[in-house]
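Note sheet for the following structure.
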Amino acid sequence: MGFTVPPSATATGPATPLVAGLSVAAAAMGSRFMIQAWQAFRIRAAMPRVRKFYPGGFEREMSRREAALILGVRERAALDKIKEAHKRVMVANHPDGGGSHYIASKINEAKDMLMGKGKSGSIF
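The sequence shown begins at 124 in our numbering and counts up by one.
What follows is the structure, given as C-alpha coordinates:
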(Lines of atoms letter the chains of each structure in order from A; the text may use other names.)
(Lines give C-alpha, C1' and ligand atoms only; values in the text may rest on other atoms or scores of the structure.)
Protein backbone atom coordinates (compact mmCIF):
# COMPACT_ATOMS: atom_id res chain seq x y z
CA MET A 124 0.00 0.00 0.00
CA GLY A 125 1.88 3.02 -1.22
CA PHE A 126 1.21 6.63 -0.65
CA THR A 127 -0.27 8.46 -3.61
CA VAL A 128 -0.88 12.14 -4.06
CA PRO A 129 -4.43 13.00 -4.98
CA PRO A 130 -4.75 14.79 -8.36
CA SER A 131 -6.31 17.85 -6.70
CA ALA A 132 -3.09 18.48 -4.70
CA THR A 133 -0.87 19.02 -7.74
CA ALA A 134 -0.46 22.49 -9.23
CA THR A 135 -1.27 21.70 -12.84
CA GLY A 136 -4.54 23.60 -13.07
CA PRO A 137 -5.30 26.63 -15.23
CA ALA A 138 -4.27 29.02 -12.41
CA THR A 139 -0.61 27.97 -12.52
CA PRO A 140 0.39 30.12 -15.53
CA LEU A 141 -1.49 33.07 -14.05
CA VAL A 142 0.32 32.80 -10.71
CA ALA A 143 3.67 32.39 -12.47
CA GLY A 144 3.01 35.44 -14.67
CA LEU A 145 1.99 37.58 -11.71
CA SER A 146 5.11 36.50 -9.83
CA VAL A 147 7.38 37.43 -12.73
CA ALA A 148 5.62 40.80 -13.16
CA ALA A 149 5.92 41.59 -9.44
CA ALA A 150 9.61 40.70 -9.46
CA ALA A 151 10.22 42.89 -12.53
CA MET A 152 8.40 45.87 -11.02
CA GLY A 153 10.21 45.46 -7.71
CA SER A 154 13.57 45.29 -9.48
CA ARG A 155 12.74 48.41 -11.50
CA PHE A 156 11.81 50.29 -8.32
CA MET A 157 15.03 49.24 -6.60
CA ILE A 158 17.17 50.33 -9.57
CA GLN A 159 15.48 53.76 -9.69
CA ALA A 160 15.86 54.22 -5.93
CA TRP A 161 19.54 53.30 -6.08
CA GLN A 162 20.21 55.74 -8.94
CA ALA A 163 18.44 58.56 -7.07
CA PHE A 164 20.44 57.76 -3.93
CA ARG A 165 23.75 57.88 -5.82
CA ILE A 166 22.89 61.25 -7.40
CA ARG A 167 21.76 62.74 -4.08
CA ALA A 168 24.88 61.51 -2.28
CA ALA A 169 27.12 63.20 -4.87
CA MET A 170 25.48 66.63 -4.44
CA PRO A 171 27.00 69.05 -1.94
CA ARG A 172 24.77 69.87 0.99
CA VAL A 173 23.31 73.34 1.01
CA ARG A 174 22.99 75.23 4.28
CA LYS A 175 19.52 76.49 5.08
CA PHE A 176 20.63 79.30 7.34
CA TYR A 177 23.18 82.09 7.24
CA PRO A 178 26.16 80.79 9.23
CA GLY A 179 27.30 84.05 10.85
CA GLY A 180 26.03 86.29 13.61
CA PHE A 181 25.27 90.01 13.50
CA GLU A 182 27.88 92.63 12.66
CA ARG A 183 28.81 95.23 15.28
CA GLU A 184 27.55 98.07 13.05
CA MET A 185 24.71 97.12 10.71
CA SER A 186 25.49 97.57 7.03
CA ARG A 187 23.08 97.77 4.10
CA ARG A 188 24.20 94.27 3.10
CA GLU A 189 23.38 92.84 6.52
CA ALA A 190 20.05 94.68 6.58
CA ALA A 191 19.16 93.21 3.19
CA LEU A 192 20.12 89.72 4.39
CA ILE A 193 17.94 90.07 7.50
CA LEU A 194 14.87 91.13 5.52
CA GLY A 195 15.56 88.86 2.56
CA VAL A 196 15.53 91.66 -0.04
CA ARG A 197 18.10 93.31 -2.31
CA GLU A 198 20.11 96.24 -0.99
CA ARG A 199 18.44 98.59 -3.47
CA ALA A 200 14.89 97.21 -3.10
CA ALA A 201 11.87 99.49 -3.47
CA LEU A 202 10.29 100.88 -0.30
CA ASP A 203 7.12 98.80 -0.71
CA LYS A 204 9.21 95.60 -0.99
CA ILE A 205 11.12 96.57 2.16
CA LYS A 206 7.89 97.23 4.08
CA GLU A 207 6.38 93.95 2.87
CA ALA A 208 9.50 91.99 3.83
CA HIS A 209 9.65 93.72 7.22
CA LYS A 210 6.06 92.78 7.97
CA ARG A 211 6.59 89.16 6.89
CA VAL A 212 9.77 88.72 8.96
CA MET A 213 8.34 90.58 11.96
CA VAL A 214 5.20 88.41 12.04
CA ALA A 215 7.41 85.32 12.20
CA ASN A 216 9.70 86.74 14.91
CA HIS A 217 7.56 89.10 16.98
CA PRO A 218 8.18 88.95 20.76
CA ASP A 219 4.43 88.71 21.45
CA GLY A 220 4.43 85.49 19.43
CA GLY A 221 7.38 83.96 21.24
CA GLY A 222 10.14 85.66 19.26
CA SER A 223 13.23 87.33 20.61
CA HIS A 224 13.29 91.04 21.51
CA TYR A 225 16.86 91.17 20.21
CA ILE A 226 15.91 89.71 16.82
CA ALA A 227 12.90 92.04 16.59
CA SER A 228 15.13 95.05 17.26
CA LYS A 229 17.54 93.90 14.55
CA ILE A 230 14.64 93.50 12.10
CA ASN A 231 13.44 97.04 12.86
CA GLU A 232 16.98 98.36 12.56
CA ALA A 233 17.34 96.63 9.18
CA LYS A 234 14.13 98.24 7.92
CA ASP A 235 15.28 101.67 9.09
CA MET A 236 18.69 101.18 7.48
CA LEU A 237 17.24 100.21 4.10
CA MET A 238 14.60 102.94 4.14
CA GLY A 239 17.26 105.56 4.88
CA LYS A 240 15.84 106.68 8.22
CA GLY A 241 19.23 107.29 9.75
CA LYS A 242 20.99 105.15 12.28
CA SER A 243 18.61 104.17 15.04
CA GLY A 244 20.86 101.52 16.54
CA SER A 245 19.83 98.43 18.39
CA ILE A 246 18.52 98.69 21.93
CA PHE A 247 20.91 95.89 22.85
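No residue lacks a Cβ here, since even glycine has one placed at the ideal position from N, Cα and C. All figures in this text were calculated on a predicted structure; none of them were measured in a lab.
Next on the checklist: Measuring only the C-alpha atoms, how far is Asn231 from Lys240?
Outcome noted: 11 Å
Item to check | Span of the alpha helix (DSSP H) around Arg96 | outcome: A question about residue 96 goes unanswered here, because the residues of the chain that appear run from 124 up to 247.
Item to check | Supposed contact pair Glu198 and Ala208 - C-beta distance, whole angstroms, cut 8 Å | outcome: No, Ala208 and Glu198 are not in contact; Cβ-Cβ is about 12 Å, not under 8 Å.
Next on the checklist: I'd like to know if the segment 160 to 169 and the segment 207 to 225 are in contact, where contact means that at least 3 CB-CB pairs between them fall below 8 Å.
Outcome noted: no
Checklist entry - So Lys234 and Ile205 are in contact, right, with Cβ under 8 Å, and what is the actual spacing, rounded? => result 6 Å
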